[in-house]
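Protein chains in written order, with the numbering used here: chain C, 8 to 119; chain Y, 7 to 119.
Here it is as C-alpha cells:
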C-alpha cells in the first residue's frame, strides 16, 4: 500500500534562513501533491498544489518541487519568520484515486 | 466570502451515544470532504460528497456515516461512540473535488468519555 512520509517531526531554524521540508511517497506516482499549513487548534490551510507535469511552483516566499523519479516533494520557505512557525502537511491521492492521504506533518519552529 | 463553518466546535459525549456534526461549505463549493485527526494517526479521510452523492469513503467502520444536502451543507454521524472516536473532525470544501485546493473548517473537537 502507498505510504507518505515527512522527513522529520520537528525542524528548528533561525529567522531569515530557508526552511526545507521533505515529503516522500512510495509505491506509485500520484497525479498531484498538495501542501497545507496547520496551526494548533485550527484546520489546515491550503498553500500550494503541484501536478505531476510541473517540476516547481512558487508563491511569494514558498517554493515546492515535485520529483516523480525520486518520489519526493520539497517545500521551501525562504527568509523564514517566526510567524511561519506551524505544522506543515503534505497530501496526495491514494493509488485508487479514492482518498486524499496526509503525511503526519513536520512542525517548523522559527526563532528570532 | 465566508469560510467553512462547523458546528458545534466542542462536544463531550458518553460511550455508546451517537453524535451529529454539521459543516457548511464555502458558497459555490459543491464538494465536501470529512477527515478525522488524532495525534497518533494524523489526518485520515472519512468520506467525500459531491452534489448530494457520496463519491468516496475511507477505511472507517459503518458507524461513521454522512450525507450532503441540496445546498451542499453536510452532516456526519457517528453511532455507538467509542473512546477511540475522540478526535478533531474536520470538514473541507472545494469547488469540484479534492484534486483542487481544499478549504478546511475549524473542526469539531469530540471527546468521548
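We put the CB at the ideal spot given by N, CA and C, even for glycine.
Proximity winner among C:84, C:33, C:19, relative to residue 118 (chain C) (alpha-carbon distances): C:19
Please list the partners that residue 113 (chain Y) has in chain C, where partner means a Cβ-to-Cβ separation under 9 Å. 48, 49, 50
Strictly below 9 Å CB to CB, what residues from chain C border residue 36 (chain Y)? Those within 9 Å of residue 36 (chain Y) in chain C number zero; the least Cβ separation is about 17 Å.
Neighbourhood of residue 64 (chain C) by C-beta distance below 6 Å, restricted to the same chain and skipping five residues each side: 55, 57, 71
So is residue 109 (chain Y) in contact with chain C if we call contact Cβ pairs under 8 Å? yes
Would you kindly work out how many angstroms separate the C-alpha atoms of residue 84 (chain Y) and residue 111 (chain C), rounded to a whole number? 24 Å
To the nearest angstrom, report how far apart residue 82 (chain Y) and residue 55 (chain Y) are at their CA atoms. 11 Å
Can you check which of these residues, C:100, C:95, C:37, C:87, is closest to residue 47 (chain C) by C-alpha distance? C:95
Have a look at residue 83 (chain C) and residue 17 (chain Y) and give me their C-alpha separation to the nearest angstrom. 37 Å
Please report the straight-line C-alpha distance between residue 78 (chain C) and residue 21 (chain C), rounded to a whole angstrom. 28 Å
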